[in-house]
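Protein chains in written order, with the numbering used here: chain A, 17 to 422; chain B, 17 to 422. Every residue, glycine too, gets a C-beta built ideally from N, C-alpha and C. Step one of this worksheet: look at the structure below.
Protein chains: 2
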Amino acid sequence: MRKIDPRNFQRATRTTTKDINRQIVLNLVREYQPISRADLARRMEVARGIVTPLVNELIEQGMLVEGAMGASARGRKPTLLHVRAHDRLAVAVDVRLSETQLMLSDFSGRSLATEFLPTPEDPDELVLALTVRIRRLLDAHSAAGDCEGIGLVVPGMVDRATGRLVHAPTLGWRDVDLRAALETAVGLPVHIERDAVACALAQMWMGQGVVQGTDSFAYVTFSDGVGAGLVMGGHVVRGHRDAAGEFGHVPLSLDGPACLCGSRGCWEAYTSNPAVVARYLGRELATRESYAQVRETRLTVTDVIARARAGDAAARSALEVTGRYIGLGLSAIVNGLNPARLVVGGEIAGAWDLIRPMVLQGLAERTLTQGTAATPVIPEPHDPQTRLRGAAALVIAPLFAAPNVG
Amino acid sequence: MRKIDPRNFQRATRTTTKDINRQIVLNLVREYQPISRADLARRMEVARGIVTPLVNELIEQGMLVEGAMGASARGRKPTLLHVRAHDRLAVAVDVRLSETQLMLSDFSGRSLATEFLPTPEDPDELVLALTVRIRRLLDAHSAAGDCEGIGLVVPGMVDRATGRLVHAPTLGWRDVDLRAALETAVGLPVHIERDAVACALAQMWMGQGVVQGTDSFAYVTFSDGVGAGLVMGGHVVRGHRDAAGEFGHVPLSLDGPACLCGSRGCWEAYTSNPAVVARYLGRELATRESYAQVRETRLTVTDVIARARAGDAAARSALEVTGRYIGLGLSAIVNGLNPARLVVGGEIAGAWDLIRPMVLQGLAERTLTQGTAATPVIPEPHDPQTRLRGAAALVIAPLFAAPNVG
DNA sequence: CCGGATTTGTCAGGTTTGTTGACAAACGTA
DNA sequence: TACGTTTGTCAACAAACCTGACAAATCCGG
C-alpha cells in the first residue's frame, strides 16, 4: 500500500498498460525460457492475441529472440522465445582495496573474460587504467556483441543522483566523480553502486535461487567492513541519501573495541576481517593503530580459517566467537526489518560449517519471536563473481525492472 | 527500481490506466482541495477533457463532492472539488495496557466523539465491551453519516493475513483473533495494526506536515516498549511476517540492563518509560522483577518530567542521560535505513526542550556521515490522538492508496 | 449595455490499446 | 487421408487517452 505523492507522481498515459504488460512478458520469458507465446498467455491469463504484439515489439527492440521449435504432445509445435542475452555485453568493474577486477559479461551473466589490476592510490589513475583495459577488452571481443554499459561497484557511499563516490573509507577517497570521468573516457553509460547493494542486486537478478520467491532479504557482507544490501517488497532500499544498509555500525557494546568509523563497539569492530584476525592473535582492537598492527602481520581471515581446519584450536575458537557476534548483529536486522532471508557473504562465509551453530545461537539469543529467530541464514562462500555479477546487474536490471507509475 | 515477481505479478488490464489516473486525481484533490477540474488538469499536465470523466466517476463513487464556485480574476468561475469526508465515518480504537480509547472520526480525521474504558484482562471481554460502545456510538451519530470500518491499534505483533494478534507482551495476550471476533460482532470491516506502524500511518496520511515531501521516515515511539513504524519509498515497511520495526531490541550493550524480552542491554531497556523512572530512582533494571518494583512506585515518566521542570536535578539528569541513549539508538535506524526524517513520539517527547541536545549528541556520536548525522529529529509531544488518527487511517488510507500493478 | 477576451467544463472524433471470437497453419493419430 | 488439437494471427469491438473545437460563464473596456 503506497501513498501517491501529490508533488511527484507518474501519470499513466495511453501506452502505460502496454508498457506494464510488455515488461511482464519480458520477465516471464526471463524466468521460464524457453517458452512459447501460448504458454505466456496461459501464465498471464490472457488470450494469445494479446501476447503476440507484445512479444513482437520486444523482438523488434532486441530484447527477445525466437528460438527452435518446441515439442508438443499434440497439435502445432510452438516457437520458443528466449531473452536475447548472448550477444549483448556489459562490463563489470569491482573496485576493492586489494585489487580491481574487470569482467566482460553477457546479459545472462556468463563471463567472457576477466582481468585484474592493482587498485591505484589515485582515483584519476584508476579511471585511466580502466579506460585502457575496457577498450582493449571490447576490441578483443567486438565479435561477441555490443556493450551496453559499465557497472562499477565501489566499497563506499555513493550519491546516485550525481554518480559521485562520496566516501570510500578503505580506499581513503572522498567525493570523486568516477561516473562522469569514466563515461566521457569510454563513451558508454556507467552505473555506480555500493558493494553491498550490488551483491543484493546480484542475488535478486542473477542469483542461483537462494532468494527466489521472496520479496525481502538482506545481503550482509563481511570483509574489511560490514555492510548490508536491503531488498524489501521487491524494491532495493537505498534510503534518503543512498546511505541505507550500514548496519556494520550498530553497537553491540557502547564501549567495545575501537572501530575505524571512530566510534566503539560497532558490530563491524567484532566481525570484520581485521577483527577476526585480531581475535585469533589475542590482540585487542583498542585503538585505530591496532588495526595497522594487525594488518602488518599479513595474516588474513582465509589463513585463520585454514588453520582452524588444520586443527588450530585458537583459530577455531576465534571463528566460533566471531560466529556468535555475527548472529547477535544479524538479530538487529531481523528485528528491525524482518526480511524473509539473510544471505551472508565474505570470506568468513567459507567457514560456515565451523560457525553456523554459533551464528544461529547468537541470532536466537536476541530475536523476539520464534518466527523471526527462524529466519533462514544462507552463506554465500566467498566468490569474487558475486560482486562482478552485481556490477553487471547494474547495467542489465534496469532494462527488466517494472515501470514506475502512480 | 522494482523487480517484477514472475510468480506473483499484477497484469494491467483495459482499465488500469484509468484506475491509476483516477487515484492520482483523488490524491491531488485531497492535497490541494478546494481545487477545480482545470487546476487538476494543469497539475497533471493533461487536457481538461481527461480530468472530467475521472472526476465524475469519483463523484459517482462518493469519493469527491462539488463545492462552491471559486473566485477567478477573469473568465468563467470554476466549480471547486472536495474530498467527501464529513459524512463518512470510521471508528478508531486504541488498545493500551492502561486504557482503551475509542474515537468516532470522519474521513478528514476530525473527531466526533471520544470514549475511554479500562482495558479488560480478557480479550473476549474487550470485544464485548467494544461492540456495545461502538454500537452506541454509531446509533448516537447515525445522522452524521455512514461508518465504513473499524481501525484497531494494538501494542503488539499482528499477522495481517489472518488479522490475528500474535503477541502483545504488555497485555500478556497471545494469538487472539480480535479482527474476526469484532467483525462478526459489529458487522463492519476491521483493520488491525501494530501501534508504531499506525503512528507512522497517522503521520503519512493525517499528519500536520512534518513528514510532507519525504518518501521515507521512521516514527519511533517510546512508551512501555520502544518500537518503530517505517516508511521507505512511500511504502510502509512491514517485513516478511509483519514484524519489522522492532528496533527497541537492538543492543546498546550485550550485558546491559535486563529487558522484558528476556535479553539484556536492549535500547528499550535504556529508554522505555520504566527505564527512565528507574534511572531517576537510581535503581538498576537488573532482573525482570525490578520492573514490577518500579511500577509499584506508581511514578510515571510524566511525573519525572514535571519534577525536572520544577527544578529537580536528579530528574533532569535522568532525562538527559536518557536523551543520549535515545540518540545512540536512533543512530542504528539512521545508519541502517537512512530515513529522511525521524519522528519521536511518546511521553518523553514532551520533554524535548530538556533532552534535545543530548539526543542529537548521541545521534552524532555514532552516525557515519555528516549527512546522516543531520537527519532531522522531530518530536511529537504525547498526543493520544496520534494513535487514534492512525487507527482511523487504517480504514481511510487504503481508499486513497496507489493501485498495485506490475 | 454590448462586444471582446478569458477561463471553465464538455463533447465528438481519432488513436491506441485490451478483449473477444474466428480462422488458417501445423502436427499427431486413427 | 480425415480428424482432433494446439499455435499463432487477425479482424471487429470496447475502453481509455488525446486533440481540437465549442458553449457557458465571467470580467472589462468602451
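Open item on the list: Measuring straight from C-alpha to C-alpha, what distance separates Gly406 (chain A) and Arg195 (chain B)?
Closed with: A straight line joining the alpha-carbon of Gly406 (chain A) with that of Arg195 (chain B) spans about 43 angstroms.
Open item on the list: With distance defined between alpha-carbon atoms, name the residue in A:Met85, A:Asp319, A:Phe123, A:Arg104 nearest to Thr95 (chain A).
Closed with: It is A:Met85 whose Cα lies nearest to the Cα of Thr95 (chain A).
Task: Cβ separation of Ser239 (chain B) and Glu363 (chain B), assumed to be a contact under 8 angstroms, to the nearest whole Å - done: Here Ser239 (chain B) really is in contact with Glu363 (chain B); their C-beta atoms are around 7 angstroms apart, less than 8 angstroms.
- [ ] Tell me, please, whether the CB atom of Thr32 (chain B) is closer than 8 angstroms to any CB atom in chain A?
- [x] With 8 angstroms as the cut-off, Thr32 (chain B) counts as an interface residue toward chain A.
TODO: Name the two residues that bound the continuous beta strand (DSSP E) containing Ala234 (chain A).
DONE: Start and end: 233-238.
Task: Cβ-based contacts, 8 angstroms cut-off: residues of the segment 138-172 of chain B near chain A - done: None of the residues of the segment 138-172 of chain B has a beta carbon lying less than 8 angstroms from any beta carbon of chain A.
Task: Beta-ladder partner(s) of Ser127 (chain A), from DSSP - done: A:Ser121, per the DSSP bridge assignment.
Open item on the list: Are there any heavy atoms of the ligand HEM lying less than 7 angstroms away from the beta-carbon of Gln39 (chain B), as far as the coordinates show?
Closed with: Among the components of this structure there are no ligands whatsoever, and the ligand HEM is therefore not found.
Open item on the list: If we define contact as Cβ-Cβ less than 8 angstroms, is Leu270 (chain B) a contact residue for chain A?
Closed with: Taking 8 angstroms as the CB threshold, Leu270 (chain B) lines the interface with chain A.
- [ ] Report the rounded CA-to-CA distance for Pro50 (chain B) versus Asn37 (chain B), giving the unit in angstroms.
- [x] Rounded to the nearest angstrom, the two C-alpha atoms are 19 angstroms apart.
Open item on the list: By the 7 angstroms beta-carbon criterion, what residues does the segment 264-289 of chain A contribute toward chain B?
Closed with: Listed in sequence order: His265, Val266, Pro267, Leu268, Ser269, Leu270, Cys277, Ser279.
Task: Where Ile371 (chain B) falls: helix, strand or coil (DSSP) - done: Of the three classes helix, strand and coil, the one that applies to Ile371 (chain B) here is helix, per DSSP.
Open item on the list: Mapping the DSSP letters down to three states, classify Cys215 (chain B) as helix, strand or coil.
Closed with: Cys215 (chain B) falls in the helix class under three-state DSSP.
TODO: Using a Cβ cut-off of 9 angstroms, pull out every chain A residue sitting near Ala240 (chain B), in sequence order please.
DONE: The sequence shown places Asp at residue 240 (chain B), rather than the Ala named in the question. Per Cβ cutoff of 9 angstroms: no residues; Asp240 (chain B) is ~15 angstroms from chain A at best.
Task: Spatial neighbours of Trp189 (chain B) in its chain, beta-carbon cut-off 8 angstroms, leaving aside the 5 residues before and after - done: Excluding residues within five positions, the ones whose Cβ falls inside 8 angstroms are Pro139, Gly172, Leu181, His183.
Open item on the list: Using beta carbons (cut-off 8 angstroms, strictly below), is Ser124 (chain A) in contact with chain B?
Closed with: Taking Cβ atoms only, chain B never reaches closer than 8 angstroms to Ser124 (chain A), which makes this a no.
Task: Pairwise C-alpha distance: Gln39 (chain A) and Thr32 (chain A) - done: C-alpha separation (whole angstroms): 11 angstroms.
TODO: Would you identify the three-state DSSP class for Pro290 (chain A), choosing helix, strand or coil?
DONE: Helix, per DSSP.
Task: Rounded distance between the beta-carbons of Ala302 (chain A) and Ala274 (chain A), thought under 8 angstroms - done: Between Ala274 (chain A) and Ala302 (chain A) the beta-carbon gap is near 6 angstroms, inside 8 angstroms, which marks them as a contact.
TODO: Compare the beta carbon distance of Phe263 (chain A) and Ile349 (chain A) with 8 angstroms and say whether it is the shorter of the two.
DONE: Cβ distance < 8 angstroms, so Phe263 (chain A) and Ile349 (chain A) count as in contact.
TODO: Identify the continuous beta strand (DSSP E) that holds Leu80 (chain A) and give its terminal residues.
DONE: For Leu80 (chain A), the enclosing beta strand (DSSP E) has its first and last residue at 80-85.
TODO: Buried or exposed for Lys93 (chain A), please, with buried defined as at least 16 other CB atoms from any protein chain shown within 10 angstroms of its CB.
DONE: Using a 10 angstroms sphere on the CB of Lys93 (chain A), the tally of other CB atoms stays under 16, which defines it as exposed.
Open item on the list: Output needed in chain order: residues of the segment 36-55 of chain B with a Cβ under 8 angstroms from some Cβ in chain A.
Closed with: Within the segment 36-55 of chain B, the residues whose Cβ lies closer than 8 angstroms to some Cβ of chain A are Ile36, Asn37, Gln39, Ile40, Asn43, Leu44, Arg46, Glu47, Tyr48, listed in chain order.
Open item on the list: Can you tell me which residues form a DSSP beta bridge with Met248 (chain A)?
Closed with: Paired residue(s): A:His251.
Open item on the list: I'd like to know whether the C-beta of Ala196 (chain A) is nearer than 8 angstroms to at least one C-beta of chain B.
Closed with: It does not: the Cβ of Ala196 (chain A) has no partner Cβ on chain B nearer than 8 angstroms.
Open item on the list: Can you give me the C-alpha to C-alpha distance between Leu56 (chain B) and Val41 (chain B), rounded to a whole angstrom?
Closed with: Taking the Cα positions, Leu56 (chain B) is about 7 angstroms away from Val41 (chain B).
- [ ] Measure the Cβ-Cβ separation of Pro290 (chain B) and Arg314 (chain B) and say whether it is below 8 angstroms.
- [x] No, the Cβ-Cβ distance between Pro290 (chain B) and Arg314 (chain B) is not below 8 angstroms.
- [ ] Inspect the CB distances between the segment 247-267 of chain B and the segment 257-271 of chain A and report whether three or more fall short of 8 angstroms.
- [x] Yes, the segment 247-267 of chain B touches the segment 257-271 of chain A.
TODO: Compare the C-beta of Gly91 (chain B) with all C-beta atoms of chain A and state if any pair is closer than 8 angstroms.
DONE: Under the Cβ criterion of 8 angstroms, Gly91 (chain B) is not counted among the residues facing chain A.
Task: Spatial neighbours of Asp319 (chain B) in its chain, beta-carbon cut-off 7 angstroms, leaving aside the 5 residues before and after - done: Closer than 7 angstroms at the Cβ level, and outside the excluded window around Asp319 (chain B), lies no residue.
TODO: Quick one: list the residues of chain A neighbouring Ala417 (chain B), beta-carbon separation under 7 angstroms, in chain order.
DONE: Those are Met17, Arg18, Lys19, listed as they occur along chain A.
TODO: Please name the residues in the segment 367-391 of chain B whose beta-carbon is closer than 9 angstroms to at least one beta-carbon of chain A, in chain order.
DONE: Going along the segment 367-391 of chain B in chain order, one finds Glu381, Arg382, Thr383, Leu384, Thr385, Gly387, Thr388, Thr391 with a Cβ nearer than 9 angstroms to chain A.
Open item on the list: If you reduce the DSSP assignment to three classes, tell me which class Arg257 (chain B) lands in.
Closed with: The three-state secondary structure of Arg257 (chain B), taken from DSSP, is coil.
Open item on the list: For Ala260 (chain A) and Leu353 (chain A), I'd like the C-alpha separation in whole angstroms.
Closed with: Between the alpha carbons of Ala260 (chain A) and Leu353 (chain A) lies a gap of roughly 12 angstroms.
Open item on the list: Taking contact to mean 3 or more Cβ pairs, one atom from each stretch, closer than 8 angstroms, check whether the segment 401-416 of chain A and the segment 212-230 of chain A are in contact.
Closed with: With a cut-off of 8 angstroms, the segment 212-230 of chain A and the segment 401-416 of chain A count as touching, because enough Cβ pairs lie within range.
- [ ] Just tell me which of B:Ser52, B:Thr391, B:Met374, B:Asp122 has its CA closest to the CA of Arg100 (chain B).
- [x] That would be B:Asp122, whose Cα lies nearest to the Cα of Arg100 (chain B).
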